[in-house]
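Contents: one structure, followed by commentary.
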Amino acid sequence: MRIALEAAQAAAAAGETPVGAVVLDPATGEVVAIGANQPIGSHDPTAHAEIVALREAARKRGNYRLNGLSLFVTLEPCAMCAGAISHARISRLVFGAEDQKGGAVVNGPKFFDQATCHWAPKVKGGVLAEEAGEMLRDFFRALRKS
């Protein structure tokens, strides 16, 4: 999660919402991919940190199915990202701060609990949640001041 927090800091430095994600192979400890939010800079509404990391991991693995891999993300994934996580067959999702407004894992539609969800990872939330949440709060507080 620390690597994901560093990616979130990089996103904030680029003027993006500070969210970072890391795809990890728990069998080897290999960091397969790192993603940071970049929808503004890339002019791509789908360029959330999770999507960026999943795309890179799939490219590196030569397969869109990422069975056996874990995804660490600093913020609870939205519905779009939860769908991508499901399609990628990520085995474990670990996230930091909950997103009561836009989250779709433990909040909102609870994507992985739906009967129409064809694959659900094991989920653990709240990892370094205070640190991830504070980074987001600081970012938006600074935006409101400018």
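Note that the sequence shown covers residues 5 to 150 in our numbering.
We treat Cβ as the ideally placed atom computed from N, Cα and C, and that holds for glycine.
Asked: Could you give the DSSP three-state label for Arg96: helix, strand or coil?; Found: strand
Asked: Please give me, in chain order, every unbroken run of the beta strand (DSSP E) with length at least 3 that falls completely inside the region 21 to 72.; Found: 24 to 29 and 34 to 40
Asked: Report the rounded CA-to-CA distance for Ile38 versus Ala8, giving the unit in angstroms.; Found: 7 Å
Asked: Would you report the Cα separation of Ser150 and Cys85, rounded to the nearest angstrom?; Found: 30 Å
Asked: Is the CB-CB distance between Ser74 and Trp123 below 8 Å?; Found: no
Asked: Pick helix, strand or coil for Lys114, following the three-state DSSP scheme.; Found: coil
Asked: My output table needs one value for Ala18: the three-state DSSP class, helix, strand or coil.; Found: coil
Asked: Between Asn111 and Arg6, what straight-line distance do the alpha-carbon atoms span, to the nearest angstrom?; Found: 24 Å
Asked: Among Ala17, Val36 and Gln42, which has the Cα closest to the Cα of Ile94?; Found: Val36
Asked: If you draw a straight line from the C-alpha of Ala31 to the C-alpha of Arg148, how long is it?; Found: 43 Å
Asked: Could you give the distance in angstroms between the alpha-carbon of Pro113 and the alpha-carbon of Cys121?; Found: 11 Å
Asked: Can you find the residues in the same chain that come closer than 8 Å, C-beta to C-beta, to Gly87, ignoring five residues on each side of it along the sequence?; Found: Phe115
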